[in-house]
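Trainee: Residue numbers (our numbering): 4 to 169. Following this message is one structure expressed as C-alpha cells.
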Amino acid sequence: MNYLNINEEKLLPVVVELNTLLADYHMYYQKLRNFHWNILGNNFFDLHEKFEELYTDARVKVDDIAERILTLRYHPMSNYSEYLKASAIKESMNSLTDKEMVVEILESHSLLLKQMTKVVNKADSIGDEGTIDLIGAYIRNLEKTSWMLDAWNKEKTDKLRNASVS
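So this is what it looks like as C-alpha cells:
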C-alpha cells in the first residue's frame with residue numbers, strides 16, 4: 004500500500020540526501036558535545052549553556068530525520084563509521100578558543116544548510132511535501148541561530164548593512 008501518494012520508485016534520491024543530512028547532524032551533535040564539555044574562559048557560562056541548547060535541538064532533529072527516512076520505508080543510516088564517511092562535517096579538536104568554536108559551528112551550519120537545500124530540491128522534484136515541510140522549518144531555524152552566533156562573534160564596532168526604500 005502506498006499511503007504516501009508518492010511514486011515510491013522515485014524516493015531513493017531523497018532518502019540518500021536525508022541519510023547524508025542524518026550523518027551531518029550526528030557529526031554536528033558530537034561537535035557541540037565536544038565544545039560543551041571543553042569550553043574555557045570568560046564566556047564559559049554563556050557558551051556552555053548555548054552549546055547544550057544546540058545539541059539538545061540537534062538530538063531531536065537526528066530522531067526526526069531518521070523517522071522521516073523510516074516513513075519513506077527505508078532504513079536510516081545508523082553507524083558512526085557510516086556517518087564519518089558520509090558527512091561533510093568533520094570532527095573538531097577539543098582545545099579551541101571560544102571564538103574558534105563559534106566559527107566552527109557556523110561552518111557546520113553552512114554545510115548543514117547546503118545539505119538541507121539538496122534534500123529540499125530532491126523532495127520537490129517528486130512532490131514530497133512532508134520532507135519539504137520538515138526540512139524547510141529546519142532551514143529557517145538554523146539561519147536564525149547562525150545569525151545570532153555570528154552576531155555574538157562580531158566586534159562591538161562592526162556594523163550591519165543599510166537598506167533604504169526609495
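Here a beta-carbon is modelled for each residue, glycine too, at the ideal position from N, C-alpha and C.
By the DSSP assignment, the alpha helix (DSSP H) with M30 in it spans what residues?
Mentor: As a first step, residue 30 must be located in the sequence shown, where it is residue number 27. Counting along the chain, the alpha helix (DSSP H) containing M30 begins and ends at L15 to N41.
Trainee: Taking only the alpha-carbon atoms, compute the straight-line gap between L50 and L99 and give it to the nearest angstrom.
Mentor: On the sequence shown, residue 50 is found 47 positions in, with the first residue counted as 1. On the sequence shown, residue 99 is found 96 positions in, with the first residue counted as 1. One C-alpha to the other measures close to 13 Å.
Trainee: Any idea what DSSP makes of I76, helix, strand or coil?
Mentor: In the sequence shown, counting from the first residue as 1, residue 76 sits at position 73. The sequence given here places Arg at residue 76; Ile does not occur at that position. Reduced to three states, the DSSP call for R76 is coil.
Trainee: Excluding the 5 residues flanking A61 on each side, which residues of the same chain have their C-beta closer than 8 Å to its C-beta?
Mentor: Locating residue 61 in the sequence shown gives position 58, where the first residue counts as 1. Closer than 8 Å at the Cβ level, and outside the excluded window around A61, lie Y28, Y31, Y32 and L35.
Trainee: Cα separation between N10 and S81?
Mentor: Along the sequence shown, read from residue 1 onward, the residue named residue 10 stands at position 7. Along the sequence shown, read from residue 1 onward, the residue named residue 81 stands at position 78. Between N10 and S81, the C-alpha separation is close to 25 Å.
Trainee: Please report the residue range of the alpha helix (DSSP H) in which Y86 lies.
Mentor: One-based indexing of the sequence shown puts residue 86 at position 83. Counting along the chain, the alpha helix (DSSP H) containing Y86 begins and ends at Y83 to A89.
Trainee: Is the distance from the Cβ of L24 to the Cβ of I68 below 7 Å?
Mentor: If you number the sequence shown from 1, residue 24 lands on position 21. If you number the sequence shown from 1, residue 68 lands on position 65. Going by C-beta atoms, L24 is nearer than 7 Å to I68.
Trainee: Which same chain residues end up closer than 8 Å to I142 when comparing Cβ atoms and leaving out the 5 residues on each side of it in sequence?
Mentor: Position 139 of the sequence shown, counted from the first residue, corresponds to residue 142. Result list for I142: L116, M119, T120 and V123, in chain order.
Trainee: Excluding five sequence neighbours on each side, which residues of the same chain lie with their C-beta closer than 6 Å to the C-beta of Y77?
Mentor: Against the sequence shown, residue 77 aligns to sequence position 74. V18.
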